[in-house]
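Participant: The structure that follows is given in the form of structure tokens.
Residue numbers (my numbering), protein chains in the order written: chain H, 8 to 271; chain S, 130 to 370.
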């Protein structure tokens with residue numbers, strides 16, 4: 008990175024994020040910045056706080072302390088049990104409107120068809136014209152390879168198909184950043200590939216993404232930066248070659264070896 | 130046999146017209162009571178799920194009280210008790226003598242109140258059956274609370290609640306017979322009158338039973354169709370791919 012070039016704008020920034028569940032301190036001061044076009048993979052053993060960290064960005068978990076920025080919206084937290092003002096709640100809604108979130112368990116709306124799932128937010132949250140929403144939703148379904156499943160109910164789709172619809176749904180609201188929370192962990196092994204292919208294609212389009220994952224080979228290949236979390240702190244961060252192949256931290260080295268098997 | 134047909138028919142000697150009107154009254158009073166109960170039940174379910182502690186407590190007490198006293202007593206309370214209170218208020222404003230209140234209104238409210246307690250439980254159960262992830266998926270988009278209720282919560286809860294609400298509708302129809310104590314000429318009252326004046330109780334009470342059965346059967350069918358439509362695409366009803 009050349010410091011003299013104009014840097015691309017920040018899409019997501021976390022500053023000094025702390026979060027405890029009861030006495031358990033899950034995040035202990037996390038700083039993270041995703042610029043436009045960055046693909047950041049977040050790895051770590053279970054309990055390291057990586058999912059909590061991702062969920063703090065759209066306030067699915069409310070950080071106790073720190074600062075969350077998405078696009079132009081910044082929210083500052085001053086302590087546990089913070090009560091949000093009306094203005095802050097609106098700000099959180101606007102902030103949420105700028106990200107697309109993909110869950111481990113898909114969480115499609117079961118009473119809507121695939122197409123209705125994808126159209127819901129543009130139509131009923133963003134209030135865009137129906138014809139436009141429909142056209143774009145169809146395009147998104149085609150992009151994830153499910154144009155022919157537009158009228159299928161979620162219960163009639165495989166896990167991989169459901170997750171691809173969920174990705175189309177996240178894309179349909181035209182987010183600045185996509186957040187993936189272990190998108191393939193709930194899938195049968197033979198269905199993982201189709202979902203990873205879709206995510207890889209999005210990375211190649213230059214989308215800004217944060218991905219919490221256990222798929223080490225995939226993360227190494229697709230991301231521009233990687234972060235290794237341990238006990239609520241960033242233990243190692245850098246380009247994927249460093250984090251996955253030659254980390255400074257001994258613990259990170261053991262983790263990536265253990266996860267990926269012997270690295271050649 | 131021919132006499133029975135004449136008596137139940139629509140001719141000048143027949144009770145057909147009176148029974149038909151009474152059947153429609155039963156249907157109307159049941160529909161009003163059910164609607165009342167649905168509104169009350171929805172409010173109570175909301176209070177129990179997400180309301181402030183005071184309302185939550187109030188909803189609990191309402192449920193306990195209504196389950197613990199006989200339905201007929203609730204109707205008496207609304208009709209006779211209500212008449213007494215309305216009269217007292219009217220007398221304060223210079224009106225003299227008793228004020229009549231409508232058996233239809235008092236009866237619908239009373240049965241609505243009874244049914245509301247049960248409907249609250251049906252709706253609360255249905256809310257808790259919604260997969261929490263689907264709510265999180267809505268929340269994360271910045272969806273407003275009202276939109277979320279309308280688009281995500283209500284449609285999912287209603288399809289789970291439909292069988293329970295169908296049972297409630299059937300109970301309301303049967304309980305509506307109790308409103309006959311207010312003098313409202315619904316099915317039970319009409320067949321009683323007919324039975325007395327013709328001295329043919331067996332025939333007319335049988336006819337009354339047939340009217341209730343017709344109403345419950347047809348509305349049961351309507352609920353079954355609604356359930357079938359609502360369950361399209363649901364995992365419990367996987368019909369092919």
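The beta carbon of each residue, even a glycine, is placed where N, CA and C say it ideally should be.
1) Ignore the nearest five residues each way along the sequence and tell me which others in residue 324/S's own chain have a CB closer than 7 Å to its CB.
2) Determine the closest residue to residue 182/H out of 106/H, 147/H, 201/H, with distance taken between C-alpha atoms.
3) Going straight from the alpha carbon of residue 318/S to that of residue 328/S, what length do you get?
4) Drop a sphere of 10 angstroms on the beta-carbon of residue 124/H, count the other beta-carbons inside from all chains shown, and report buried for 16 or more, exposed for fewer.
5) Alpha carbon to alpha carbon, how far is residue 145/S from residue 133/S?
6) Residue range of the alpha helix (DSSP H) that residue 83/H falls in?
7) Can you say whether residue 28/H is buried or exposed, counting buried as having 16 or more other CB atoms within 10 angstroms of its CB?
8) Leaving out five residues on either side along the sequence, give the residues of the same chain with a beta carbon under 6 Å from the beta carbon of residue 228/S.
9) Any C-beta of chain H sitting closer than 8 Å to the C-beta of residue 284/S?
10) Can you look up residue 43/H in the DSSP assignment and give me helix, strand or coil?
11) Compare the C-beta of residue 281/S with all C-beta atoms of chain H and state if any pair is closer than 8 Å.
12) In chain order, what residues of the region 140-173 of chain H put their CB closer than 7 Å to some CB of chain S?
13) Please confirm whether residue 88/H and residue 18/H have their CB atoms less than 8 Å apart.
14) Just checking my contact of residue 180/H with residue 270/S at CB under 8 Å: how many whole Å lie between their CB atoms?
15) I'd like to know whether the C-beta atoms of residue 277/H and residue 235/H end up nearer to each other than 8 Å.
16) DSSP has residue 34/H in a bridge; who is on the other side?
17) Starting from the beta carbon of residue 262/S, find every residue of chain H whose beta carbon is closer than 7 Å, and list them in chain order.
18) Taking the continuous beta strand (DSSP E) assigned at residue 237/H, which residues delimit it?
19) Jot down the residue ranges of each uninterrupted alpha helix (DSSP H) in the region 88-118 of chain H, minimum 4 residues, whole runs only, in chain order.
20) Find the nearest neighbour of residue 241/S within the set 274/S, 279/S, 168/S, judged by alpha-carbon distance.
21) By the 8 Å beta-carbon criterion, what residues does the region 121-137 of chain H contribute toward chain S?
22) Note down, in chain order, every chain H residue with its Cβ under 7 Å from the Cβ of residue 290/S.
23) Quick check on residue 224/H: buried or exposed, where buried means 16 or more other Cβ atoms within 10 Å of its Cβ?
24) Which of helix, strand or coil does DSSP assign to residue 255/S?
25) Per DSSP, what kind of secondary structure is residue 130/H in: helix, strand or coil?
26) Could you spell out where the beta strand (DSSP E) holding residue 216/H opens and where it closes?
27) Hey, would you say residue 192/S sits closer than 8 Å to residue 246/S, going by beta carbons?
28) Going along the chain, which residues of the region 19-32 of chain H sit with their C-beta nearer than 8 Å to a C-beta in chain S?
29) Candidates 206/H, 241/H, 243/H, 150/H: which alpha carbon is nearest residue 226/H's?
30) Does DSSP put residue 66/H in a helix, in a strand, or in coil?
31) Could you check whether residue 162/H and residue 117/H sit closer than 8 Å to each other, using their CB atoms as the reference points?
32) Say whether chain S places a C-beta atom closer than 8 Å to the C-beta of residue 96/H.
33) Identify whether residue 259/H lies in helix, strand or coil by the three-state DSSP scheme.
34) Report the three-state DSSP secondary structure of residue 198/S (helix, strand or coil).
35) Give me the chain S residues within the contact set of residue 180/H, using Cβ-Cβ distance strictly less than 7 Å, ordered along the chain.
36) State whether the region 251-259 of chain S contacts the region 285-292 of chain S, with contact taken as three or more CB pairs (one from each stretch) at a distance under 8 Å.
Facilitator: Once the coordinates are examined:
1) Your numbering for residue 324/S matches position 195 in the second chain. Contacts found: 330, 333, 334.
2) To locate residue 182/H, count along the first chain from 1; it is residue 175. For residue 182/H, the nearest C-alpha among the options comes from 106/H.
3) Position 189 of the second chain, counting from 1, holds the residue named residue 318/S. Position 199 of the second chain, counting from 1, holds the residue named residue 328/S. Distance between the alpha carbons of residue 318/S and residue 328/S: 15 Å.
4) Counted from its first residue, the first chain places residue 124/H at position 117. Around the Cβ of residue 124/H, a 10 Å sphere holds 16 or more other Cβ atoms; the residue is buried.
5) Residue numbering aside, residue 145/S sits at position 16 when the second chain is read from its first letter. Residue numbering aside, residue 133/S sits at position 4 when the second chain is read from its first letter. Within the model, the alpha-carbon separation for residue 145/S versus residue 133/S is close to 11 Å.
6) Against the first chain, residue 83/H aligns to sequence position 76. Premise fails: residue 83/H lies in the beta strand (DSSP E), 80-85, not in any alpha helix (DSSP H).
7) Position 21 of the first chain, counted from the start, is the residue given in the question as residue 28/H. Residue 28/H is exposed by the Cβ-count criterion.
8) Locating residue 228/S in the second chain gives position 99, where the first residue counts as 1. Setting aside the 5 residues that flank it on each side, residue 228/S is surrounded in the same chain by 215, 216, 219, each with a C-beta closer than 6 Å to its C-beta; the list follows chain order.
9) As a first step, residue 284/S must be located in the second chain, where it is residue number 155. Yes, because at least one Cβ of chain H sits closer than 8 Å to the Cβ of residue 284/S.
10) Counting from one through the first chain, the residue named residue 43/H turns up at place 36. Coil, per DSSP.
11) Position 152 of the second chain, counted from the start, is the residue given in the question as residue 281/S. Chain H contact via Cβ: present.
12) Of all residues in the region 140-173 of chain H, 160, 162, 163 have a Cβ within less than 7 Å of some Cβ in chain S.
13) On the first chain, residue 88/H is found 81 positions in, with the first residue counted as 1. On the first chain, residue 18/H is found 11 positions in, with the first residue counted as 1. No; because the gap between Cβ atoms is not below 8 Å, this pair is not in contact.
14) The count along the first chain starts at 1 and reaches residue 180/H at position 173. The count along the second chain starts at 1 and reaches residue 270/S at position 141. That pair is a contact at about 6 Å.
15) The structure shown does not extend to residue 277/H, since chain H is modelled only from 8 through 271, so no value can be given for it.
16) Within the first chain, the letter at position 27 stands for residue 34/H. Answer is 26/H.
17) Counted from its first residue, the second chain places residue 262/S at position 133. Simply 110, 112, 114.
18) For the purposes of this step, residue 237/H is identified with residue 230 of the first chain, where counting begins at 1. For residue 237/H, the enclosing beta strand (DSSP E) has its first and last residue at 232-237.
19) The region 88-118 of chain H contains these whole alpha helix (DSSP H) runs: 93-103.
20) Taking the second chain and counting its residues from 1, the one referred to as residue 241/S is at position 112. Checking every option, the nearest Cα to that of residue 241/S belongs to 168/S.
21) Residues passing the 8 Å Cβ filter: 127, 128, 131, 132.
22) In the second chain, residue 290/S corresponds to position 161, counting from 1. By Cβ distance, chain H contributes nothing, its closest Cβ being about 13 Å from residue 290/S, past 7 Å.
23) Taking the first residue of the first chain as 1, we reach residue 224/H at position 217. Label assigned to residue 224/H: exposed.
24) The residue labelled residue 255/S in the question sits at position 126 within the second chain. Shown here, residue 255/S sits in a helix according to DSSP, grouped into three states.
25) Translated into positions along the first chain, residue 130/H becomes position 123. DSSP places residue 130/H in helix when its eight states are reduced to three.
26) Here residue 216/H refers to the residue found at position 209 of the first chain. Counting along the chain, the beta strand (DSSP E) containing residue 216/H begins and ends at 215-219.
27) On the second chain, residue 192/S is found 63 positions in, with the first residue counted as 1. On the second chain, residue 246/S is found 117 positions in, with the first residue counted as 1. Their beta carbons are under 8 Å apart, which means residue 192/S touches residue 246/S by this criterion.
28) Result list empty, no residue passes.
29) Stepping through the first chain from its first residue, residue 226/H is reached at position 219. Selected option, being the one with the closest Cα: 206/H.
30) Counted from its first residue, the first chain places residue 66/H at position 59. The DSSP-derived three-state label of residue 66/H is coil.
31) Mapped onto the first chain, residue 117/H falls at position 110. Mapped onto the first chain, residue 162/H falls at position 155. It is a contact, given that the beta carbons lie within the stated cut-off.
32) Counting from 1 along the first chain, the entry for residue 96/H is found at position 89. False, the Cβ-Cβ gap to chain S never drops below 8 Å.
33) Along the first chain, read from residue 1 onward, the residue named residue 259/H stands at position 252. DSSP places residue 259/H in helix when its eight states are reduced to three.
34) Working through the second chain from its first residue, we reach residue 198/S at position 69. Coil, per DSSP.
35) Within the first chain, residue 180/H is the residue found at index 173, counting from 1. 270, listed in chain order.
36) Taking a cut-off of 8 Å for Cβ pairs, the region 251-259 of chain S and the region 285-292 of chain S touch, as three or more such pairs fall below it.
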